[in-house]
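A.B. asks:
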């Protein structure tokens with residue numbers, strides 16, 4: 038049974054633990070909170086934004102990063118990428134989901150935590166990724182498909198804003214594909 042609000046997969050819920058320092062500089066737990074999930078595509082996938090930063094390198098002084106994360110979460114305007122920052126997101130994929138082919142203007146690390154996932158690109162056969170495999174996504178058109186007919190898949194993604202990318206004289210901007218209007222644009226390619 039899901040243990041996080043909005044979670045639709047059968048996986049164990051997640052808890053985010055943020056660390057900090059007490060007045061004498063000792064490491065302490067700042068907060069521990071359950072994941073908050075939002076489902077998309079008729080409940081064929083769900084997102085849990087673990088954490089964001091709004092600048093690079095991150096400013097940890099006076100909890101500036103925590104304040105910035107809370108502000109962007111409360112705004113409800115976070116796109117797939119956070120301009121000038123990072124996003125750590127866990128995504129659960131239902132069995133046999135339809136891949137949403139899209140491009141982010143970002144450098145992303147996608148790590149398979151549970152199940153298997155196919156990475157679908159413009160050219161070539163899908164690449165089957167298994168638990169522990171990592172995709173380094175470099176602002177390419179891509180989609181994620183869970184090929185299982187019965188089992189869910191879970192990936193964690195770390196997205197980092199990147200400089201504008203130009204290939205063959207063409208600027209590679211964000212393209213949300215069929216998710217346009219469903220997901221907020223990142224606005225990091227303007």
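Numbering (my numbering), first residue to last: 38 to 227.
Positions of the beta carbon are idealized from the N, C-alpha and C atoms, including for glycine.
Quantities reported herein were computed from a predicted structural model and do not represent experimental measurements.
Whole-angstrom Cβ separation of residue 154 and residue 130, contact assumed at under 8 angstroms?
C.D. replies: Indeed, because the Cβ distance is near 6 angstroms, the residues count as touching under 8 angstroms.
A.B. asks: For residue 12, which of helix, strand or coil comes out of DSSP?
C.D. replies: Because residue 12 is not part of the residues shown, which for the chain are 38 to 227, the question remains open.
A.B. asks: Run the CB neighbour count on residue 133, radius 10 Å, all protein chains shown included, and call it buried at 16 or more, exposed below.
C.D. replies: Result: exposed.
A.B. asks: Identify, in the order they occur along the chain, each residue of the same chain with its Cβ nearer than 7 angstroms to the Cβ of residue 121, setting aside the five sequence neighbours on each side.
C.D. replies: Answer for residue 121: 91, 92, 93 and 198, listed in chain order.
A.B. asks: So, using beta-carbon positions, are residue 212 and residue 126 closer together than 8 angstroms?
C.D. replies: The answer is no: Cβ separation not under 8 angstroms.
A.B. asks: How would you write the range of the alpha helix (DSSP H) that residue 107 sits in, first residue to last?
C.D. replies: Run containing residue 107: 101-112, per the alpha helix (DSSP H) assignment.
A.B. asks: Tell me whether residue 179 is buried or exposed, calling it buried when 16 or more other Cβ atoms sit within 10 Å of its Cβ.
C.D. replies: Residue 179 is buried by the Cβ-count criterion.
A.B. asks: Over the uninterrupted beta strand (DSSP E) stretch that includes residue 33, give me the two end residues.
C.D. replies: Since the first and last residues shown for the chain are 38 and 227, residue 33 lies out of range.
A.B. asks: What does the alpha-carbon distance come out to for the pair residue 64 and residue 166?
C.D. replies: Cα-Cα distance, rounded: 36 angstroms.
A.B. asks: Whose C-alpha, out of 99, 53 and 169, is nearest the C-alpha of residue 150?
C.D. replies: It is 169.
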